[in-house]
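S.K.: Quick one: this structure, given as structure tokens, is what I'll be asking you about.
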Amino acid sequence: MSELKRVLLAEDSAKDIELTLAALDEYRLANEVVVVRDGAQAWEYLSCTGAYADRTPVSPAVVLLDLKMPKMDGLEVLKRMRGDATLRAVPVVILTSSREERDIIEGYKLGVNAYVVKPVGFDDFVDAVKNLGLFWAVLNQPPPGSARRAA
Amino acid sequence: MKRATTIRRKLITAMMLTSTTVLLIIGAVLVLYDVVSFRRELATALTTRAQILAANSTAALAFENPDDARQTLGALKSDPSLVLSALYDRDGRLFASYPDGATPRASIASAHVPEFTFGPSRLVVLQPVIQDGRWLGTLYLESDLRALDTRLRLFVLVVLLAVAGSVAVAFALANWLQNGIARPVRALAEAARRVSQDKDYSVRAQAMSDDELGLLTGAFNDMLGAIQERDAALGQLNTDLERRVKARTAELEALNRELEAFSYSVSHDLRAPLRHINGFAALLRDHIEQHLDDKGRHYLGHISDSARKMGQLIDDLLMFSRMGRQTMGSSEVDLAALVADLRGAHNADATHKAIVWHVRPLPVVHGDPAMLRLVLMNLISNAIKYSSTQATPEITIAAEETGDEVVIRVADNGVGFDMAYASKLFGVFQRLHRPEEFEGTGIGLANVRRIVQRHGGRTWAEGEVDQGATFFFSLPRDARAESHKPREAA
């Protein structure tokens, strides 16, 4: 893969964004990280509507979704993605502080690819994000369909 | 209906038996009385005849003229029931007899006073023949009892006919009269049947008389009324209760949802700032690594530790709250296998001291496998933790089956505790040691107690400072799988 696709980070907390970016930076992840601040924005970006109507319609390599966000929560974004033919195959990782089982169960029902509880320990957090970046943006071959669309 | 037929039949049978018996007794008495009086009449009539004959025979005897006597006796031929007559002189010799030449079968004693005797089929009268106070001999008269037989037969026939007629009339009467008893009983039985079959308490039996049966019917109806009333009240009460239970359940469900929302928000919102504190403390340390002296590093370490500790506390508290709400599964749990598994996990961690284990046979119980695992994990890790200061830590795990429960105990030879604080052991965040002595948040035993209580068991502990501690938990015996025998832990 000559061209690295973007990583979409949907997160409402500025501090979490800073920490996540610091962690991604620590790993020196080559991908460009697009940050959106709520679920509605995330959906606009993904569906190339609203503020993102003019962007090149390339699906991100991976979507890091926070669960609790204003306007539209992470599960809702996930549900819409899974209902969309183009976005169905995009890997989604839910990144959240929640350890609530029902979130996890609901997330897996909706077809989440990974579920990472943000550890309180920063090092753990960095490890988790590192693993995610490594797995989805570098090592993991996106499904053939999405690769062709990306081309 | 069958029951009513039976009581009708019983009533008729009773009445018929009674009346027939009475009629038969009366008939028998009448027949008996008639026989007795008719025999007396016969005797009297024959005696009278004998007296007349005796009087007519005095001359023949006095003048010893047998022909005369025979003629006198022969006058009796007009009565066919007189079978034999004879005259004896004063010496007891047969003087004359009729029919001529016939002699009485019995030997005749001389009679000085009139006497009569009934034989099996004859009546014999002896009459003294007396003239002017002078006894001349004895007259013998023998009559058969044909008349008596005839009369008796006729009388019995009449009595039997009368009895039969009376019985017929009695049957008609009984059949008619039993209705007065059987009909109300039948009505009562029918009402009772409908009540017991259809549970219809609005049924009433119709009162047909104001005797005891009427009273019974009235009482039955009153009872049905009372039952109907009570039934209605009970139904009302049930409805009320159901409504109240529904309302209370809704309330509880709302509360539970609220509680869940609360713990959900605690899980999300309390943890986020902690993560930030920790994260930025780490970033800060990286950022000013070169300018940081030991004290600065020490302070930053405290910040991170505290944030991590608080995160742990929140996690523990959430787990504790989940333990209370989570639905419990129930399956067979092999405690021996569970302990072996937990020990294996411990042995894999080489940082611990070698521990001398005494694992006795443990039963298979019924319960939530994950929860029971947590119970044993907590107790075993506590035992390991608090015996870690000993030269040779020893841990004993054993089970004992008492009357209706299985008691499992985990004992160690560690630091123990003062029994004065035993009641605090199972409280949330209750600790008997400083964090510097032994790590922990104080939630483990609270979880143990909650889980065991949800399984219907009890928890308690015994210990002595520096003499080790023993933690017990019981599970009800019906929670124990019967099909399995205790097995030695590996």
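Residue numbers (the numbering used here), protein chains in the order written: chain A, 2 to 152; chain B, 288 to 777. Just so it is clear, CB atoms sit at the ideal spot from N, CA and C, and this is done for glycine as well. Remember, predicted model here, so these are calculated numbers, not experimental data.
Is it right to say residue 542 (chain B) is buried, meaning 16 or more other beta carbons lie within 10 angstroms of its own, or is it exposed?
M.R.: It counts as exposed.
S.K.: For a cutoff of 8 Å on Cβ pairs, would you count residue 578 (chain B) as touching chain A?
M.R.: Chain A, which has no Cβ nearer than 8 Å to the Cβ of residue 578 (chain B), makes this no.
S.K.: At a cut of 8 Å, does the segment 595 to 608 of chain B reach the segment 617 to 635 of chain B through at least three beta carbon pairs?
M.R.: As far as the Cβ criterion goes, the segment 595 to 608 of chain B does not touch the segment 617 to 635 of chain B, which means the pair count is below three.
S.K.: Just how far apart, CA to CA, sit residue 474 (chain B) and residue 493 (chain B)?
M.R.: Spanning the two alpha carbons is a distance of roughly 7 Å.
S.K.: For chain A, find out if any of its Cβ atoms is closer than 8 Å to the Cβ of residue 584 (chain B); answer yes or no.
M.R.: False, the Cβ-Cβ gap to chain A never drops below 8 Å.
S.K.: Could you give the DSSP three-state label for residue 724 (chain B): helix, strand or coil?
M.R.: Looking at residue 724 (chain B) - three-state DSSP - the assignment turns out to be coil, as it is neither helix nor strand.
S.K.: Taking 8 Å as the CB-CB cut-off, is residue 589 (chain B) touching chain A?
M.R.: Cβ-Cβ to chain A under 8 Å: no for residue 589 (chain B).
S.K.: Quick one: is residue 559 (chain B) near chain A, going by C-beta distance under 8 Å?
M.R.: Residue 559 (chain B) counts as touching chain A.
S.K.: In whole angstroms, what separates the C-alpha of residue 708 (chain B) from that of residue 719 (chain B)?
M.R.: When rounded, the distance between both Cα atoms is 8 Å.
S.K.: Could you name the residues of chain D that residue 72 (chain A) contacts, counting a contact when the two beta carbons are closer than 8 Å?
M.R.: Absent from the structure: chain D. Protein chains present are A and B.
S.K.: For residue 571 (chain B), return the contacting residues in chain A, with the cut-off set at a CB-CB distance below 7 Å.
M.R.: Simply none; closest approach about 10 Å.
S.K.: Within 8 Å (strictly less), CB to CB, does residue 23 (chain A) reach chain B?
M.R.: Interface residue, yes.
S.K.: So, helix, strand or coil for residue 496 (chain B), using DSSP?
M.R.: Correct three-state label for residue 496 (chain B): coil.
S.K.: Please state whether the Cβ-Cβ distance between residue 111 (chain A) and residue 79 (chain A) is less than 8 Å.
M.R.: Yes, the pair counts as a contact, with Cβ atoms nearer than the cut-off.
S.K.: By the three-class DSSP mapping on this structure, what secondary structure does residue 350 (chain B) have?
M.R.: Coil at residue 350 (chain B), not helix or strand.
S.K.: Kindly say whether residue 566 (chain B), judged by its beta-carbon, lies nearer than 8 Å to any beta-carbon of chain A.
M.R.: Closer than 8 Å to some Cβ of chain A, the Cβ of residue 566 (chain B) qualifies, so yes.
S.K.: Using DSSP with H/G/I as helix, E/B as strand and the rest coil, what is residue 786 (chain B)?
M.R.: Beyond the ends of chain B as shown, which are 288 and 777, falls residue 786 (chain B); an answer cannot be given.
S.K.: With DSSP as the reference, please indicate the residues paired to residue 653 (chain B) in a beta bridge.
M.R.: Answer is B:619.
S.K.: Under 8 Å, do residue 698 (chain B) and residue 755 (chain B) count as touching if we go by C-beta distance?
M.R.: It is a contact, given that the beta carbons lie within the stated cut-off.
S.K.: Let me confirm a value: residue 372 (chain B) is counted as buried when at least 16 other C-beta atoms fall within 10 Å, else exposed. Which label applies?
M.R.: Per the 10 Å Cβ criterion, buried.
S.K.: Could you tell me which chain B residues have their CB closer than 7 Å to the CB of residue 1 (chain A), listed as they occur along the chain?
M.R.: One cannot answer for residue 1 (chain A) here, as it falls past the ends of chain A, which runs 2 to 152.
S.K.: What residue does the beta strand (DSSP E) around residue 410 (chain B) start on, and which one ends it?
M.R.: Where residue 410 (chain B) is concerned, the enclosing beta strand (DSSP E) stretches over 409 to 418.
S.K.: Can you confirm whether the segment 456 to 466 of chain B touches the segment 440 to 448 of chain B when touching is taken to mean that 3 or more C-beta pairs between the two stretches lie within less than 8 Å?
M.R.: These segments do not touch.
S.K.: Can residue 640 (chain B) and residue 675 (chain B) be called in contact, C-beta distance under 8 Å?
M.R.: For residue 640 (chain B) and residue 675 (chain B), yes; Cβs fall inside 8 Å.
S.K.: Output needed for residue 288 (chain B): all residues of its chain with C-beta closer than 6 Å, excluding positions within five of it in sequence on either side, in chain order.
M.R.: For residue 288 (chain B), the predicted model reports a pLDDT of 47, less than 50, meaning its position is unreliable; a value from the coordinates is still stated below. Cβ within range, chain order: n/a, list empty.
S.K.: Let me know if residue 777 (chain B) comes out buried or exposed under the rule of 16 or more other beta-carbons within 10 Å of its beta-carbon.
M.R.: Caution is warranted here: a pLDDT of 37 is assigned to residue 777 (chain B), below 50, making its placement in the model unreliable, and no coordinate value can be reported.
S.K.: Which residue from A:107, A:87, A:113 and A:72 puts its Cα closest to that of residue 43 (chain A)?
M.R.: The option with the nearest alpha carbon to residue 43 (chain A) is A:72.
S.K.: Report yes if the C-beta distance between residue 107 (chain A) and residue 76 (chain A) is below 8 Å; otherwise report no.
M.R.: Contact flag set, yes.
S.K.: Could you check what DSSP says for residue 774 (chain B) in three-state terms: helix, strand or coil?
M.R.: Low local confidence applies: a pLDDT of 41 at residue 774 (chain B) is under 50, so the model's placement there is unreliable, and no value is given.
S.K.: For residue 804 (chain B), does the three-state DSSP call read helix, strand or coil?
M.R.: The first residue shown for chain B is 288 and the last is 777, placing residue 804 (chain B) beyond what the model contains.
S.K.: Is there at least one Cβ from chain B nearer than 8 Å to residue 13 (chain A)'s Cβ?
M.R.: No, because no Cβ of chain B sits closer than 8 Å to the Cβ of residue 13 (chain A).
S.K.: Counting beta carbon pairs with one atom in the segment 418 to 430 of chain B and one in the segment 357 to 375 of chain B, are three or more of them shorter than 8 Å?
M.R.: As far as the Cβ criterion goes, the segment 357 to 375 of chain B touches the segment 418 to 430 of chain B, which means the pair count is three or higher.
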